[in-house]
Amino acid sequence: MSESTQRLKQLIGDARQGRDILTTFYEFQRTYQEALDDGTSGVEAARRSALAAFVELGEFVGAMNYKWYRAGERLDIAKLAGEIADVLAFMLNVLLHMNVGGQEAHDAIIATMQKNLYRLEEGVNMTGVRS
């Protein structure tokens, strides 16, 4: 078993044991991408991952019950969660290919959380119009 494979299995175990899932997922994707090493990097690799995330998002939408004329269809929650996990994996790859570190991603997430809290407190919706 390769060192990468051992590390990936360890990270899966860490996630199952309750370790911070976002940090673990980030480390997993970094190790996975290093093990793949398909020869692409930087902007081209980020572009490919962004396109793959877009495709996965389409699969998520396809799994939604968006056909109002088909009343009674049940959502497959496990499938929806799996598609979102795929989107997240490819978006993490975009960050990795653009050399965005875990702390930078962490800080950006906190900034977005703060911005959304401000919007809620100020009564401003996503379009910037006060409600």
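Our numbering applies: residue 9 is where the sequence shown begins, and numbers increase by one. Just so it is clear, CB atoms sit at the ideal spot from N, CA and C, and this is done for glycine as well.
Span separating the alpha-carbon of residue i from that of residue j
| i | j | result |
| --- | --- | --- |
| residue 50 | residue 132 | 37 Å |
| residue 55 | residue 34 | 18 Å |
| residue 31 | residue 88 | 22 Å |
| residue 126 | residue 114 | 19 Å |
| residue 23 | residue 97 | 15 Å |
| residue 118 | residue 86 | 28 Å |
| residue 90 | residue 82 | 16 Å |
| residue 28 | residue 120 | 19 Å |
Given residue i as reference, the closest of the options once Cα atoms are compared
| i | options | result |
| --- | --- | --- |
| residue 66 | 85, 33, 128, 92 | 92 |
| residue 38 | 116, 29, 100 | 100 |
| residue 41 | 12, 17, 22 | 12 |
| residue 72 | 63, 64, 84 | 84 |
Cβ distance (whole Å) where residue i is taken to contact residue j below 8 Å
| i | j | result |
| --- | --- | --- |
| residue 95 | residue 61 | 5 Å |
| residue 105 | residue 53 | 4 Å |
| residue 59 | residue 36 | Not quite, the Cβ-Cβ distance comes to about 21 Å (not below 8 Å), so this is no contact. |
heavy atom of the ligand MG below 7 Å from residue i C-beta
| i | result |
| --- | --- |
| residue 117 | Questions concerning the ligand MG fall outside what the structure shown contains, since it holds no ligand whatsoever. |
Test: residue i CB closer than 8 Å to a CB of chain C
| i | result |
| --- | --- |
| residue 26 | In the structure shown, chain C cannot be found, because there is only a single protein chain. |
Problem set entry | Ordered list of beta strand (DSSP E) runs contained in the segment 26 to 56, each at least 3 residues | none
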